[in-house]
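In our numbering, the protein residues as written are 158 to 629. Yeah, the Cβ is synthetic: ideal placement off N, Cα and C, and Gly gets one too. Quick caveat: nothing in here was measured; it's all calculated off a predicted structure. This report refers to the structure that appears directly beneath it.
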């Protein structure tokens, strides 16, 4: 079930909120757990049984870690192996079979290709990382509350962040699961944040997706450099507004039920280096890899060479976490290489250059990286990058062929909202005075209501509504 679906907006969410707030406070975690499992069950009963089995297995291991200080490390290692093995079997096994099977890969029919895509349980990468976080935190911090089946299950299955994050560390949210205070202010701010995310997804991301698909699914050898740049610009905006929109909705939904889910994005497209980009993009994933992979590997405390190796391991894993393909691996490697270059001294060069130069450099790397992220076949992605820098004039369709007034309007809006422009406008003295006036709340609430109505109208007239990160 999608947060941006009419079923969720008009049936599931109102019912969930009604049942939750009618329940006694002591029973609300149980109610929310049942609601979360029903939400997940919408994607298939088999996947739900797998999720429940995974939760029960991790609960058993967590209790063993909690009760046995002498053997706790052994149980932790067992938990890591079991979780990684489960993720590997569903997400990566086929990839390695193809890699190590001699001869050409078998040609799949379109039906077989679709079947291969839906075998991956929704959200398995996210809830696996949640459970690894839980086991590690319980092992490292003996002051955490005792593990209970309901509270641990709710941590893993909490529906706002179950299928596509943010990846919330166990130690950061378990106290909220034990005790939280739902307030009118949190409900109000939750609705606002959810509507912002809904607008990002339905109006901006979905529109950019149509443009990106129209260009990037053409015969790549026939598109012009201008069209290639337009296509990857549209995808660059699509993936940001799609995923940050989902994160906004997840954060807003969390507030509706009394949770403060951490931020996942901070205007990544204003970054002036790749290092800064990763401090702003998918913050919860970057933090997870830092805390549970990079630091345990030694971080930067074992010399520069070891630090560079650790960084490359983290970024290769980051790419591979997104999907079992050479393109995702290259995407992670590509970012890792430029991060290493910056660590080797290029960051000091960037600091001395005008900010605009640093921004152009960063966006160039990010956009080239997105080509390999978007196009599944590595050879096609490489050809697309070649077309971006090919100005021979032999192509048949230029950028203007794919544009209309609606697309131009949405692209301009997306560029404004993803950069300093909106923040600059918001910080102007006249705007600051307006936000402090009595009429501002009325205007703001009217705008939010208008956004909701506009999004619903768009949803009723369009079937294009998938979230990109549901595939991971």
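Do the CB positions of residue 307 and residue 187 come within less than 8 Å of each other? A contact, by the Cβ cut-off of 8 Å.
Where does residue 227 sit, in a helix, a strand or coil, going by DSSP? Coil, per DSSP.
Helix, strand or coil for residue 361? Go by DSSP, reduced to three states. Three-state result, residue 361: helix.
Can we say the stretch 286-296 touches the stretch 231-246, given the rule of at least three CB pairs closer than 8 Å? The answer is yes - the stretch 231-246 touches the stretch 286-296, with three or more Cβ pairs under 8 Å.
Determine the direct distance from the alpha carbon of residue 541 to that of residue 162, and round the result to whole angstroms. Near 33 Å, if we compare the C-alpha coordinates of residue 541 and residue 162.
Continuous alpha helix (DSSP H) stretch holding residue 478: start and end: Here the alpha helix (DSSP H) through residue 478 covers 461-479.
When burial is assigned at 16 or more other CB atoms within 10 Å of the CB, is residue 248 buried or exposed? Residue 248 is buried by the Cβ-count criterion.
C-alpha gap between residue 315 and residue 606, whole angstroms: Taking C-alpha positions only, residue 315 is separated from residue 606 by approximately 27 Å.
How many Å lie between residue 431 and residue 501 at the Cα? Going by C-alpha positions, residue 431 is about 13 Å away from residue 501.
Could you give the distance in angstroms between the alpha-carbon of residue 577 and the alpha-carbon of residue 521? If you draw a straight line from the Cα of residue 577 to the Cα of residue 521, it comes to about 18 Å.
Beta-carbon contacts of residue 625 that lie in its chain and below 7 Å, excluding the five residues immediately before and after: Counting only Cβ-Cβ distances below 7 Å, and skipping sequence neighbours, we find 396, 399, 400.
Using a 10 Å radius around the Cβ and a threshold of 16 neighbouring Cβ atoms, would you call residue 284 buried or exposed? Classification of residue 284: buried, given that the 10 Å Cβ count is 16 or more.
Mind pulling the alpha helix (DSSP H) runs of 4 or more residues that sit fully within the stretch 350-431? Listed in chain order, the complete alpha helix (DSSP H) runs (minimum 4 residues) inside the stretch 350-431 are 363-373, 382-413.
Can you tell me the Cα-Cα spacing of residue 237 and residue 524, whole angstroms? Taking the Cα positions, residue 237 is about 34 Å away from residue 524.
Check each candidate in 361, 616, 312 and name the one with the smallest Cα separation from residue 569. The option with the nearest alpha carbon to residue 569 is 361.
For the putative contact between residue 507 and residue 468, defined by C-beta atoms under 8 Å, what is the C-beta separation to the nearest angstrom? Contact annotation, residue 507 with residue 468: C-beta distance approximately 17 Å; criterion of less than 8 Å not satisfied.
Anyone know if the C-beta pair for residue 280 and residue 354 falls short of 8 Å? Cβ atoms of residue 280 and residue 354: not closer than 8 Å.
Residue 534, DSSP secondary structure in three states: It is coil, neither helix nor strand.
What is the rounded straight-line gap between the Cα of residue 330 and the Cα of residue 527? Note on geometry: alpha-carbon atoms of residue 330 and residue 527 lie some 32 Å from one another.
Are the stretch 197-216 and the stretch 310-327 in contact at 8 Å, needing three or more beta carbon pairs? The answer is yes - the stretch 310-327 touches the stretch 197-216, with three or more Cβ pairs under 8 Å.
Which residue's Cα is closest to the Cα of residue 220: 455, 292, 244? For residue 220, the closest alpha carbon among the candidates 455, 292, 244 is that of 292.
Given residue 165, which residues of its chain have a CB within under 8 Å of its CB, disregarding the five upstream and five downstream residues? In its chain, beyond the 5 residues on either side, 158, 159 have a beta carbon closer than 8 Å to the beta carbon of residue 165.
In its own chain, which residues sit with a C-beta less than 8 Å from the C-beta of residue 373, not counting the 5 before and 5 after it? For residue 373, where only same-chain residues beyond five positions count, the Cβ hits under 8 Å are 388, 389, 392, 531, 532, 541.
How about residue 168 and residue 414: do their beta carbons lie closer than 8 Å? Taking 8 Å as the Cβ cut-off, residue 168 and residue 414 do not qualify as a contacting pair.
Take the Cβ of residue 275 as the centre, count every other Cβ of all protein chains shown within 10 Å, and call the residue buried at 16 or more, exposed below. Model confidence at residue 275 stands at a pLDDT of 48, short of 50, so the residue's coordinates are unreliable; what they give is reported in the following sentence. It is exposed - the Cβ of residue 275 has fewer than 16 other Cβ atoms within 10 Å.
Within this structure, are the beta carbons of residue 479 and residue 487 separated by less than 8 Å? Contact: no.
For residue 612 and residue 282, I'd like the C-alpha separation in whole angstroms. Roughly 29 Å between the two C-alpha positions.
Measuring straight from C-alpha to C-alpha, what distance separates residue 608 and residue 405? Inter-residue distance for residue 608 and residue 405 is about 15 Å (C-alpha atoms, whole angstroms).
Please identify the residue among 519, 619, 305, 599 whose C-alpha is closest to the C-alpha of residue 217. Looking at the Cα atoms, 305 is the closest of the given residues.
Reducing DSSP to helix, strand and coil, say where residue 275 ends up. Confidence at residue 275 is low in this model, with a pLDDT of 48, below 50, so its placement is unreliable and the value that follows should be read with caution. Look at residue 275 here: in three-state DSSP terms it is helix.
Going straight from the alpha carbon of residue 519 to that of residue 183, what length do you get? Between the C-alpha atoms of residue 519 and residue 183 there is a straight-line separation of about 49 Å.
Residue 428 and residue 434 look like a contact to me (Cβ under 8 Å); what is the Cβ gap, rounded to whole Å? Contact between residue 428 and residue 434 holds, with the beta-carbon distance rounding to 4 Å and staying under 8 Å.
Determine, using beta carbons only, whether residue 303 and residue 420 come nearer to each other than 8 Å. Contact: no.
By Cβ distance, which residues of its chain are closer than 7 Å to residue 214, with the 5 residues on each side in sequence left out? Non-local beta-carbon contacts of residue 214 in its own chain, meaning distances under 7 Å to residues more than five positions away in sequence, involve 239 in chain order.
Does any residue of chain D have a CB that is nearer than 8 Å to the CB of residue 390? Among the chains of the structure shown, chain D does not appear; only one protein chain is present.
Put residue 664 into one of helix, strand or coil per three-state DSSP. Residue 664 lies beyond the residue range present for the chain, which begins at 158 and ends at 629; the question has no answer from this structure.
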